[in-house]
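Undergrad: Residues in the sequence shown are numbered consecutively from 3, following our numbering.
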Amino acid sequence: MSLLALLRKQNRKTLFTTPSHGQKFFIFNKLRNIYKYDISETDAHDPQTALSEAEKRASKIYGTKYTHFLTNGSTSGIITSVLTCTNKGDKVLIWRNSHPSHHNAVKLAGCEPVFYDLPINKEWGVPDRTTPDILNLNGIKAVIVTSPTYEGIVSDIKEIKKACKNTYLIVDEAHGALYPFSDKLPESAVKIADFTIQSLHKTAGGLNPTALLHVNCDLDASKALSMINTTSPSYPLLASIEANINYLNSKRGRKSLNELISNLEELHTINFNFGGDDITKILIKKEGLSGYELSKKLFKEFNIEDEKTNEISTMLLCGIGTDDKKLEKLRKTLIKLS
Ligand SMILES: Cc1ncc(COP(=O)(O)O)c(C=O)c1O
3 MSLLALLRKQ NRKTLFTTPS HGQKFFIFNK LRNIYKYDIS ETDAHDPQTA LSEAEKRASK
63 IYGTKYTHFL TNGSTSGIIT SVLTCTNKGD KVLIWRNSHP SHHNAVKLAG CEPVFYDLPI
123 NKEWGVPDRT TPDILNLNGI KAVIVTSPTY EGIVSDIKEI KKACKNTYLI VDEAHGALYP
183 FSDKLPESAV KIADFTIQSL HKTAGGLNPT ALLHVNCDLD ASKALSMINT TSPSYPLLAS
243 IEANINYLNS KRGRKSLNEL ISNLEELHTI NFNFGGDDIT KILIKKEGLS GYELSKKLFK
303 EFNIEDEKTN EISTMLLCGI GTDDKKLEKL RKTLIKLS
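(1) Please confirm whether L319 and L214 have their CB atoms less than 8 Å apart.
(2) When you measure from the CB of H47 to every non-hydrogen atom of ligand 1, does any distance come out below 7 Å?
(3) Count the C-beta pairs between the segment 167 to 184 and the segment 121 to 131 that are closer than 8 Å, then say yes if the count reaches three, no if not.
(4) Does the distance from the CB of N246 to the CB of G207 come in under 8 Å?
(5) Check for me: the alpha helix (DSSP H) holding P115 runs from which residue to which?
(6) Roughly how far, in whole angstroms, is the beta-carbon of D325 from the beta-carbon of V156, given that I think they are within contact range, below 8 Å?
(7) Does at least one heavy atom of ligand 1 sit under 7 Å from the Cβ of H177?
(8) Output the distance between the C-alpha atoms of L17 and T133, rounded to the nearest integer angstrom.
(9) Can you tell me where the alpha helix (DSSP H) with F197 in it begins and where it stops?
(10) Ligand 1 and Y64: does the residue's C-beta get closer than 7 Å to at least one heavy atom of that ligand?
(11) Do L336 and G154 have their C-beta atoms within less than 8 Å of each other?
(12) Measuring only the C-alpha atoms, how far is K298 from C219?
(13) Secondary structure at V147, three-state DSSP: helix, strand or coil?
(14) State the Cα-Cα distance for the pair R234 and K186, rounded to the nearest angstrom.
(15) Could you check where the alpha helix (DSSP H) with N106 kicks off and where it finishes?
(16) Considering G277, what are the terminal residues of the beta strand (DSSP E) in which it resides?
(17) When we look at the beta-carbon of Y249 and count the other beta-carbons within 10 Å, is it buried (16 or more) or exposed?
(18) Let me make sure I understand the geometry here. Which of L240, T151, I146 has the alpha-carbon closest to that of V128?
(19) For A213, which three-state DSSP category applies?
(20) Anyone know if the C-beta pair for T282 and G321 falls short of 8 Å?
(21) I'd like the list of long-range same chain contacts for T19, defined as Cβ closer than 7 Å, with 5 residues on each side in sequence excluded.
(22) For P182, tell me which candidate among N89, N251, N210, L139 has the shortest Cα-Cα distance.
(23) So the alpha helix (DSSP H) V84 belongs to, where does it begin and stop?
(24) For V116 and K90, what's the separation of their Cα atoms in angstroms?
(25) Is the segment 225 to 243 touching the segment 72 to 89 in the sense that three or more CB pairs, one from each, lie closer than 8 Å?
(26) Let me know the alpha helix (DSSP H) ranges lying completely inside the segment 156 to 204, each 4 residues or longer, listed in chain order.
(27) So F301 is in the alpha helix (DSSP H); what residue range does that whole segment cover?
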């Protein structure tokens, strides 16, 4: 099958998965005509200045020292952070079961990985919070913390930052890109950690694989970023990042996020078992069914696809593009199941 045929074979399921735009052009409809905007560096008038000004405007919105636009996912932001704040041979503390980019970043930087483990939350079958007592920071140059986790478990980043006296703190907030835009969501790390990485595509309506690297220390990440980036950046994707941030920060964007949160609060009033710290990740379980059985039931009987499942629970991912219709279908389904 050709790739185009694969894309045309549209999934008819109700998706509670990434990407979060729900296959709709609601943020940046200029990309309907992607070829028109696909120019090379040399064809535009001073694109570098335009990009750095857009990034500076973004950093004002987020309250960071610098915000870099990434067109190769949070993966590239994590690698860049480690390359920026370490030297060959330094020790970097990472979660043993973290995303592969954490392990690869340490390897690429020529550093020595030191591992920590997270307890498993027995009630939900998911990795629990990272707390300062879990992290032995002696002799550690940088530590990477994943918050929120895939399933929406959020760590106290302020507490962890306090413990990081001589250690750079890198927060993988790939799944928390909506946090800076609502007080009803957990606090974002963007103003706390030395480096915070967010995937716009996962929850904030961005196109695959748009993401952000926020820097809050005095180090310059641009050199490391240029080592792993192509010299032919995609300006349509970069422009979509700027439009995405402006949308999230706009009245319209904030209203739509608030509506999503209200709908989710409403969903939580039904008689079902909900878990996690982040309401946009619907972590559910049902007595008498394993997480895998619940996931299978949702898929087979109700056409609903979840994002991640374990032995005990299953997680349905919502984002800024999750519309009322989808949530209403889920609400009715959960009522039937309960
Ligand atoms: C926790 C976590 N961190 C980082 C990444 C990498 O993000 P991206 O796909 O934007 O490169 C992922 C992707 O699934 C992830 O789950």
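Glycine included, each C-beta is placed from N, C-alpha and C at the ideal position.
TA: Working from what's here:
(1) no
(2) no
(3) no
(4) yes
(5) First-last for P115: 114 to 118, but that is the beta strand (DSSP E), not the alpha helix (DSSP H).
(6) Their Cβ separation, rounded to whole angstroms, is 25 Å, which puts D325 and V156 out of contact at 8 Å.
(7) yes
(8) 33 Å
(9) Run containing F197: none in the alpha helix (DSSP H); it sits in the beta strand (DSSP E), 197 to 201.
(10) no
(11) no
(12) 45 Å
(13) strand
(14) It should be noted that the sequence gives Ser, not Arg, for residue 234. Distance between the alpha carbons of S234 and K186 is about 39 Å.
(15) 102 to 110
(16) 275 to 277
(17) buried
(18) T151
(19) strand
(20) yes
(21) E307, E309, L319
(22) N251
(23) 75 to 87
(24) 14 Å
(25) yes
(26) 159 to 165
(27) 293 to 304
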